[in-house]
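If you're matching positions, the sequence shown starts at 1 in our numbering and goes up one per residue. Just so it is clear, CB atoms sit at the ideal spot from N, CA and C, and this is done for glycine as well. Since the model is a prediction, treat every value here as computed from it, not as a measurement. Please read the structure below before turning to the comments.
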Amino acid sequence: MRFVDEYRAPEQVMQLIEHLRERAALLPYTAERPLRIMEVCGGHTHAIFKFGLDQLLPENVEFIHGPGCPVCVLPMGRIDSCVEIASHPEVIFCTFGDAMRVPGKQGSLLQAKARGADVRIVYSPMDALKLAQDNPTRKVVFFGLGFETTMPTTAITLQQAKQRDVRNFYFFCQHITLIPTLRSLLEQPDNGIDAFLAPGHVSMVIGTEAYQFIAADFNRPLVVAGFEPLDLLQGVVMLVEQKIAALSQVENQYRRVVPDAGNMLAQQAIADVFCVNGDSEWRGLGVIESSGVHLTPEYQRFDAEAHFRPAPQQVYDDPRARCGEVLTGRCKPNQCPLFGKTCNPETAFGALMVSSEGACAAWYQYRQQECEV
């Protein structure tokens, strides 16, 4: 398949690995203190484990995992609010499949469905809007979550709902933004991050200019990379070359998809529907300033929380779990005492084990021999 097969060619992968090893020998990093590259995107994390790229790196270069999975940082209290809304008999609650099994204190949406709530998996917010039009006597709630990658489709759906004057469609907002989160990570003392591989999908919307502060203010190199083995390895080589030259720049490896200015139409849709300026709680990370979004006044009538008024939920994570440390690259998934025991794909303790983009799920799936702890 074009644009896939050529980026997975084993011969080219091994040639690039050999080149990487030669260049990494010039780095001022050792096996004891390697160059720590944070891949921010959950899609990157799964590709790294699926293709075994972390095991091919030189011993003085290491991947660490970041908070690039929006389902993984869903606070338990937000899930509880969704469960409460879904429990209304007149509600059809629509969500992406990844969010179904995320545990809250009052259980998951999947468990709410088992108790009789009308919870449905959709593949697009437009599917939820169609449900609302097809079921005018029901109240249809779409659980909107994700980074800037999914915000444009939500925004366009709400624009369509407004244009069509759909009165039984509501939106539960859990969209979050990436840039304030990266700043928050870098402002933490002893964060241990030396460089970044930035996500291709988010960057397709926001462009590359948004990352310039990472190089300018924090002296860290960053490369926007694609999701295939050669994409990721080329991104690593670009970061290594910057480190050898003592540079901190923002580079774009994924030019076949990501324009430096991003997608202007998507940005306009986001700006029309959302105010991107609110604080937001992240599971395992706490409240991150200016990382949340709210509906603009023109779209307030679609706000599910304003309509259903779920009880405020403040739920604290179990201190035994190390989700926050995994999300900030401070520990590996299998270093959590619950990993593979209390927390596994069948009885997930945290969202990192539930989501298809979670680091713990990736480690469990592709490092099965290391799960037997």
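Could you pull out every residue in the same chain whose Cβ sits closer than 6 Å to the Cβ of residue i, ignoring the five residues on either side in sequence?
i    : result
E251 : V223 and M238
E281 : P75 and V287
A155 : A269, I270 and V273
I17  : L56
G278 : G292 and H294
I214 : R220 and L222
D80  : G104, K105, Q106 and Q313
M151 : H175 and I270
A31  : E59 and N60
Let me know the secondary structure DSSP gives residue i once reduced to three states.
i    : result
D303 : strand
E357 : coil
W363 : helix
M100 : coil
G284 : coil
N334 : helix
E18  : helix
I79  : helix
R375 : The structure shown has nothing for residue 375, since the chain only spans 1 to 373.
V373 : Unreliable positioning characterises V373 in this predicted model, as indicated by a pLDDT of 42, which lies under 50. The coordinate reading is nonetheless provided below. Residue state, collapsed to three classes: coil.
K375 : The structure shown does not extend to residue 375, since the chain is modelled only from 1 to 373, so the question has no answer here.
T208 : coil
R164 : helix
L35  : strand
A291 : The displayed chain sequence assigns Ser, not Ala, to residue 291. In this structure, S291 counts as strand in the three-state DSSP scheme.
P10  : helix
L131 : helix
Q174 : strand
C380 : Outside the shown range of the chain (1 to 373) lies residue 380, about which nothing can therefore be said.
A269 : helix
Is it buried or exposed, residue i, if we count other Cβ atoms within 10 angstroms and call 16 or more buried?
i    : result
A132 : buried
V102 : buried
D194 : buried
M204 : buried
R167 : exposed
P125 : buried
E39  : buried
M353 : buried
H201 : buried
H19  : exposed
E148 : buried
H318 : First, the amino acid is wrong: residue 318 is Asp here, not His. That one is exposed.
A348 : buried
L109 : buried
G362 : Reading off the sequence, residue 362 comes out as Ala, not Gly. The residue is buried, with at least 16 neighbouring Cβ atoms inside 10 Å.
R164 : exposed
A25  : exposed
P199 : buried
Return the CA-CA distance between residue i and residue j, expressed in angstroms with no decimal places.
i    : j    : result
P310 : A304 : 9 Å
F379 : G262 : Nothing can be reported for residue 379: it is not among the residues displayed for the chain, which extend from 1 to 373.
L338 : V273 : 40 Å
E357 : T45  : 7 Å
Q242 : Q365 : 33 Å
D134 : V71  : 29 Å
K332 : E84  : 34 Å
G146 : G235 : 24 Å
A161 : Y254 : 34 Å
Q335 : L27  : 27 Å
V276 : Q159 : 17 Å
G192 : L178 : 19 Å
E372 : A351 : With a pLDDT of 48 at E372, under the threshold of 50, the modelled position of this residue cannot be trusted; read the value that follows with caution. Near 20 Å, if we compare the C-alpha coordinates of A351 and E372.
G329 : Q300 : 37 Å
V119 : V258 : 35 Å
N344 : C360 : 9 Å
I206 : E346 : 36 Å
D190 : V73  : 22 Å
I218 : G77  : Going by the sequence as given, residue 218 is Phe instead of Ile. The alpha-carbon atoms of F218 and G77 are separated by roughly 33 Å.
M100 : A86  : 12 Å
G42  : E298 : 33 Å
T296 : C69  : 25 Å
L233 : C82  : 40 Å
D231 : M264 : 24 Å
Please list, in chain order, all residues of the same chain as residue i whose beta carbon is under 7 Å from its beta carbon, the five residues on each side excluded.
i    : result
D54  : I48 and F63
G144 : P125, T154, F171, F172, C173, Q174 and H175
P312 : none
R320 : P337 and L338
Q249 : A215, P221 and Q242
M1   : Confidence is the limiting factor: at M1 the pLDDT is only 47, short of 50, which leaves the residue's position unreliable and the question unanswerable from this model.
Q212 : V250
Among residues of its own chain, excluding the 5 on either side of residue i, which ones have a beta-carbon nearer than 8 Å to its beta-carbon?
i    : result
V122 : C94, T95, F96, A128, L131 and F142
T181 : P67, W282, L285, I288 and S291
D98  : V71, V354, S355, S356 and E357
Cβ pair count under 8 Å reaching 3, the region 177–187 against the region 102–114: By the C-beta criterion, the region 177–187 is judged not to be in contact with the region 102–114, since fewer than 3 inter-stretch pairs fall below 8 Å.
State whether the region 132–150 contacts the region 89–105, with contact taken as three or more CB pairs (one from each stretch) at a distance under 8 Å. Counting Cβ pairs under 8 Å, three or more are found: they touch.
Contact the region 312–331 vs the region 9–24: 3+ CB pairs below 8 Å: The region 312–331 vs the region 9–24: no contact.
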